[in-house]
Amino acid sequence: MSVITRAERGARTKLPPEQPSIPQRKGGTAGYWLYLLPGFVLLLVIVIIPLIFNVYLTFTKWRGVRTPEFIGLENWVKIFTDEDFWTSFTNSVWMVLAMVVIPTTIGLIVAALLFDVVGRKFGGKVGSFLRATYYLPQILPIAVAGIVIGWMFRPGATGSVNQILAVFGIPAYDWLGQMPSALLVLMGVLVWVQLGYPIVVFMAALQRVDPELYEAAELDGANWFQRFSAITMSIIRPEIFVVTLTCTIAALKVFGPVYIITQGGPAGATLVPAYYAYTEFFTKRNIGYGATIATVLTILVVVVSIIFIRVQNSMERKERAGL
Amino acid sequence: MARITRKNARRGLAAVGALTVGALALAGCAGGGSGSEGDGDTLKLWHYEGEDSAMAKAWNEAIKVFEEETGATVEFEQKSFEQIQKTASQVLDSDAAPDLMEFNKGNATAGFLASTGLIADISDAVDEYGWADKLAPSLQTTAKYTEDGVMGGDTWYGIPNYGEFVGVYYNEEAFAAAGLEIPTTYDEFVDVLDAFVAQGITPLAEAGAEYPLGQLWYQLALTQADRQFVNDYQLYENPVDWQGEELTYATETLQEYVDKGYIASDVSSVKAEDAGVSFINGTAPIFVSGSWWYGRFVEEAGFDWTLQAFPDTQLSLGSSGNLWVVPENAANKELAYEFIDITMRPEIQAIIGNNGGVPVAAEPADITDEKSAELIATFNGILDNDGLSFYPDWPAAGFYDVIVRELQGLVTGTQDAETTNANLGAEYEEGTADFR
């Protein structure tokens, strides 16, 4: 067994620059900074200053007006023993399942089917129509969708879901008032809303695939699943990363559907960090504690993003190096 | 394409610098500002009563009278309750504050604004216009606050010109159909509940996702309580015993109501609107809720019904209505006081009374509507007993959500009565710690 030294590994994975460097104009780069400055200014005013202020607030007790009172690490100590906080983060795992794992998996399969089977057998228009249909829930404002879902799942005989079940002799159920049904309904809504996004992105990515690849694989006797795993998955891997990253961030900070459909209930069972921070900010006026929850959420989102990007870069490096 | 020269770059940097200063200035605008002098010709007024409500009708008339008498113009902005509730402290801390605003009463709301100095001490105006003489003592409680924002203090921060209370609505036709009498005692009330259940009817319209269930819970506690309990709970005179007689009774009885079928088992996700509608459409013959439903039931319930105080208790949920408050940064405080005074006139109060509202200073002879007269008589009966006991969520900011959450836990069987009270108590202690 040959041993590859660190230097050799570095040499093997070292790649030529991906982009040609921008030719430098004589006289420096002042002109480029000019174009970047408005963006930096907005970043400073809209993101960085509020972020620093938010972190400062985590060390204070503040009711939203007048001067915040400095209380040191009290909020940070409290957050580690706060049962509601941990419940909200546990629920985030379910949100990731509903907004990332399930939609991305189904989205991959549906996109591949639409492109490889439906598109080829029924023509591109049918595929496009179905893609638009899947995307429709993404266009609907979540407030509107949430209210309608709330009506559908009303308890007793007034909810349409219970009315449909009654036709089959199934007794009415309090979908949003009991666990685990409230969480399952919420997750179902999120899957429904989210599904269109990966499908549209994956189908766009699949446009890059040379149809001859599929035909060649088919001639070689590859079945649909083999074509899917060997061709589709391999080619749209960058898009899978993008979808997974953006959806994970969205899942960690999900707010609208919870606010509209369950308001964290029943009995706090569908509480998520963003909604918890909101209630601390706006109903309890515990601004300092709300800021602490928001800061933890921000840190989590940043950490997850860094991990994703590093993994993606590492895989791309390996791929380019032919490893 | 224009070349980027050093001179152009400098100009560009200057422009970006100006943009930065402008953006920071805009951001700074959200901060506190001092009140500016008004022109004395415009009254900027905000309230959140629905256009068809008794209060909006009365205040629309008050606006006309005000404009005729003072020559000033009213610049009215319709707001939503949530909008004012959630943004008031930021708006009132700026130059965008109105001259007069309707605001929710209680420690966590008007009391909070009073303690932060965002709304004005109007004690001098109260003396000048003699409003105190028109308001019963228990109505004054919610208008006066301590410097910590606890109601029942010595300083006037608002004026209510209507009242509200929680009682029991009975569908008289449903009672007649079931061969039952409207109960006058608590025992009879329970007998009626049993009788309806025996006939396969869930008697109480309830909502666990919003305020009705919490109000029933507090009303049950009030059946065992005296005024001192209310003062302890609402005014922090003594510590509240969350495993004590009153609250244990309330929580256990509420659990019993669900177990015995007085309340539907799927109550935890029902909203107040749905509970009200189930009374209006005759599904549930009894509804424990507030006088704010009165006008709606007059309009929409197609059967005879009556509203009575909860049986066998001197204490009822209720208070003054929301308050007129004058922001400290208001530009035209004098105009605001003149407008408040007009809303307290008997002719404006009568409009509230004749449209399903509960006026606080109306002439009885002006109330021509029979149904409204019955409502006002019930309210006055509670006032005569010094029975207004406020609302369960008032003691601490955010306690409303806590009550909803904990009672959902109780009625869904997730937790028992003792745990529910322990959880409520912990949140109450935390939320009120700064005031006790």
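Chains as they are written, first to last, in the working numbering: chain W, 1 to 323; chain E, 1001 to 1436.
Heads up, the beta-carbon is just placed ideally off N, CA and C, and yes, glycines get one too.
Source: prediction; values computed, not measured.
1) Following the continuous beta strand (DSSP E) through E:Leu1323, name the residue where it begins and the one where it ends.
2) Please confirm whether W:Asp324 has its beta-carbon closer than 9 Å to some beta-carbon of chain E.
3) Classify W:Val311: buried if its beta carbon has 16 or more other beta carbons within 10 angstroms, exposed otherwise.
4) Between E:Phe1112 and W:Arg320, is the Cβ-Cβ spacing less than 9 Å?
5) How would you label E:Asp1266, buried or exposed, when you count the other beta carbons within 10 angstroms and need 16 or more for buried?
6) Can you check which of these residues, E:Tyr1257, E:Tyr1262 and E:Leu1222, is closest to E:Glu1246 by C-alpha distance?
7) Roughly how many angstroms lie between the CA atoms of E:Glu1429 and E:Tyr1337, to the nearest whole one?
8) Tell me, please, whether the CB atom of W:Val65 is closer than 9 Å to any CB atom in chain E?
9) Using the Cβ count rule (16 or more neighbours within 10 Å means buried), how would you classify W:Ala132?
10) Between the C-alpha atoms of W:Trp151 and W:Thr90, what's the straight-line distance to the nearest angstrom?
11) Could you pull out every unbroken alpha helix (DSSP H) segment of at least 4 residues lying fully inside the stretch 1313–1396 of chain E, listed in chain order?
12) Among the residues of its own chain, which have a CB less than 7 Å from the CB of E:Glu1173, if the five just before and after it don't count?
13) Quick check on E:Ala1225: does DSSP put it in helix, strand or coil?
14) Would the stretch 1183–1194 of chain E count as touching the stretch 1314–1322 of chain E if we require 3 or more Cβ pairs under 8 Å?
15) Mapping DSSP to helix, strand and coil, what is E:Val1168?
16) Contact check, E:Gly1431 vs E:Phe1390 under 8 Å by CB: the rounded distance?
17) Once the 5 residues before and after W:Gln178 are set aside, which same chain residues still bring their CB inside 8 Å of it?
18) At a cut of 8 Å, does the stretch 1289–1304 of chain E reach the stretch 178–197 of chain W through at least three beta carbon pairs?
19) Since W:Asp174 meets chain E, which of its residues come closer than 9 Å, beta carbon to beta carbon?
20) Pull out every residue of the stretch 1398–1409 of chain E whose Cβ sits closer than 8 Å to any Cβ of chain W, in chain order.
21) Which residues of chain W have a Cβ atom closer than 7 Å to the Cβ of E:Lys1086, listed in chain order?
22) Buried or exposed: which applies to E:Cys1029, given that a residue is buried once 16 or more other Cβ atoms fall within 10 Å of its Cβ?
23) Taking C-beta pairs closer than 9 Å, name the residues in chain W that E:Gly1208 reaches, listed in chain order.
24) Can you give the Cα-Cα distance for E:Leu1024 and W:Ala30, rounded to whole angstroms?
25) Anything in the stretch 1091–1112 of chain E with a Cβ closer than 9 Å to a Cβ of chain W? List those residues in chain order, please.
26) Three Cβ pairs or more, each shorter than 8 Å: is that satisfied between the stretch 1412–1429 of chain E and the stretch 1115–1133 of chain E?
27) Three-state secondary structure (DSSP) at E:Gly1031?
28) Can you tell me which of E:Ala1056, E:Thr1184, E:Ile1119 and E:Tyr1294 puts its alpha carbon nearest to the alpha carbon of E:Lys1371?
29) Going along the chain, which residues of the stretch 1113–1132 of chain E sit with their C-beta nearer than 7 Å to a C-beta in chain W?
30) Within the 9 Å Cβ cut-off, does E:Gly1035 reach chain W?
31) At what residue ranges does the stretch 155–237 of chain W contain a whole run of the alpha helix (DSSP H), taking only runs of 4 or more?
32) Confirm, please, whether the CB-CB distance from E:Phe1076 to E:Leu1045 is below 9 Å.
33) Using a C-beta cutoff of 9 Å, does E:Leu1415 count as contacting chain W?
34) What three-state label does DSSP hand E:Leu1043 in the structure shown?
35) Touching or not, the stretch 164–174 of chain W and the stretch 1259–1275 of chain E, by the rule of three or more beta carbon pairs under 8 Å?
36) Nearest-angstrom Cα distance between E:Thr1185 and E:Thr1313?
Quick answer:
1) Translated into positions along the second sequence, residue 1323 of chain E becomes position 323. Unbroken beta strand (DSSP E) run through E:Leu1323: Leu1323 to Val1325.
2) Nothing in the structure corresponds to residue 324 of chain W, since chain W is present only between 1 and 323.
3) By one-based count along the first sequence, residue 311 of chain W stands at place 311. Exposed is the label assigned to W:Val311, since fewer than 16 other Cβ atoms lie within 10 Å of its Cβ.
4) Counting from 1 along the second sequence, the entry for residue 1112 of chain E is found at position 112. Counting from 1 along the first sequence, the entry for residue 320 of chain W is found at position 320. No, the Cβ-Cβ distance between E:Phe1112 and W:Arg320 is not below 9 Å.
5) In the second sequence, counting from the first residue as 1, residue 1266 of chain E sits at position 266. The residue is buried, with at least 16 neighbouring Cβ atoms inside 10 Å.
6) Locating residue 1246 of chain E in the second sequence gives position 246, counting from the first residue. Selected option, being the one with the closest Cα: E:Leu1222.
7) Against the second sequence, residue 1429 of chain E aligns to sequence position 429. Against the second sequence, residue 1337 of chain E aligns to sequence position 337. Here the C-alpha atom of E:Glu1429 lies approximately 37 Å from the C-alpha atom of E:Tyr1337.
8) Locating residue 65 of chain W in the first sequence gives position 65, counting from the first residue. It does; some Cβ of chain E falls within 9 Å.
9) For the purposes of this step, residue 132 of chain W is identified with residue 132 of the first sequence, where counting begins at 1. The residue is exposed, with fewer than 16 neighbouring Cβ atoms inside 10 Å.
10) On the first sequence, position 151 is the one that residue 151 of chain W refers to. On the first sequence, position 90 is the one that residue 90 of chain W refers to. Looking at the two C-alpha atoms, the distance is approximately 27 Å.
11) Here the runs fully enclosed are 1333–1343, 1346–1354 and 1370–1384.
12) The residue you call residue 1173 of chain E lines up with position 173 of the second sequence. The residues are Phe1303 and Asp1304.
13) For the purposes of this step, residue 1225 of chain E is taken as residue 225 along the second sequence, with counting starting at 1. Here E:Ala1225 carries a coil assignment [DSSP, helix/strand/coil].
14) Short answer: they don't touch.
15) By 1-based counting over the second sequence, the position of residue 1168 of chain E is 168. The DSSP-derived three-state label of E:Val1168 is strand.
16) On the second sequence, position 431 is the one that residue 1431 of chain E refers to. On the second sequence, position 390 is the one that residue 1390 of chain E refers to. About 15 Å separates the two Cβ atoms, so there is no contact after all.
17) The count along the first sequence starts at 1 and reaches residue 178 of chain W at position 178. Taken in chain order, the residues that qualify are Pro266.
18) The stretch 178–197 of chain W and the stretch 1289–1304 of chain E do not touch, with fewer than three beta-carbon pairs separated by less than 8 Å.
19) Here residue 174 of chain W refers to the residue found at position 174 when the first sequence is read from its first residue. For a Cβ distance threshold of 9 Å, residue set Ala1264, Ser1265, Asp1266, Val1267, Ser1268, Ser1269, Val1270 and Thr1412 of chain E lies close to W:Asp174, ordered along the chain.
20) Residues passing the 8 Å Cβ filter: Gly1398, Tyr1400, Asp1401, Val1404, Arg1405, Glu1406, Gln1408 and Gly1409.
21) Position 86 of the second sequence holds residue 1086 of chain E. Correct list: Phe282.
22) For the purposes of this step, residue 1029 of chain E is identified with residue 29 of the second sequence, where counting begins at 1. Low confidence applies to E:Cys1029: its pLDDT is 37, below 50, so where it sits in the model is not reliable enough to give any reading.
23) Counting from 1 along the second sequence, the entry for residue 1208 of chain E is found at position 208. Residues of chain W passing the Cβ test: Gly177, Gly265 and Pro266.
24) Taking the first residue of the second sequence as position 1, residue 1024 of chain E is located at position 24. Taking the first residue of the first sequence as position 1, residue 30 of chain W is located at position 30. Residue confidence is low: E:Leu1024 scores 41 on pLDDT, short of 50, so the model does not pin down where it sits. Its coordinate-derived value is still stated next. Cα-Cα distance, rounded: 24 Å.
25) Considering only beta carbons, the part of the stretch 1091–1112 of chain E lying closer than 9 Å to chain W consists of Leu1092, Asp1093, Ala1108 and Phe1112, in chain order.
26) Contact fails between the stretch 1412–1429 of chain E and the stretch 1115–1133 of chain E, because fewer than three Cβ pairs, one in each stretch, are under 8 Å apart.
27) As a position in the second sequence, residue 1031 of chain E is number 31, starting the count at 1. For E:Gly1031, the predicted model reports a pLDDT of 38, less than 50, meaning its position is unreliable; a value from the coordinates is still stated below. Three-state DSSP puts E:Gly1031 in coil, outside helix and strand.
28) Taking the second sequence and counting its residues from 1, one reaches residue 1371 of chain E at position 371. Closest by alpha carbon: E:Tyr1294.
29) Taking 7 Å as the Cβ-Cβ cut-off against chain W, the residues of the stretch 1113–1132 of chain E that qualify are Thr1116 and Leu1118.
30) For the purposes of this step, residue 1035 of chain E is taken as the residue at position 35 of the second sequence. Because E:Gly1035 carries a pLDDT of 42, less than 50, the predicted location of this residue cannot be relied on, and no value is offered for it.
31) Correct list: 160–167, 181–194, 196–206, 211–219 and 224–227.
32) The residue you call residue 1045 of chain E lines up with position 45 of the second sequence. The residue you call residue 1076 of chain E lines up with position 76 of the second sequence. Their beta carbons are under 9 Å apart, which means E:Leu1045 touches E:Phe1076 by this criterion.
33) Here residue 1415 of chain E is taken as the residue at index 415 of the second sequence, counted from 1. The amino acid at residue 1415 of chain E is misidentified as Leu; the sequence shows Gln. For E:Gln1415, at least one C-beta of chain W is nearer than 9 Å to its own C-beta.
34) Reading the second sequence from its first residue, position 43 is the one you call residue 1043 of chain E. When DSSP states are grouped into helix, strand and coil, E:Leu1043 belongs to the strand group.
35) The stretch 164–174 of chain W vs the stretch 1259–1275 of chain E: in contact.
36) On the second sequence, position 185 is the one that residue 1185 of chain E refers to. On the second sequence, position 313 is the one that residue 1313 of chain E refers to. Each residue's Cα considered, the two are about 9 Å apart.
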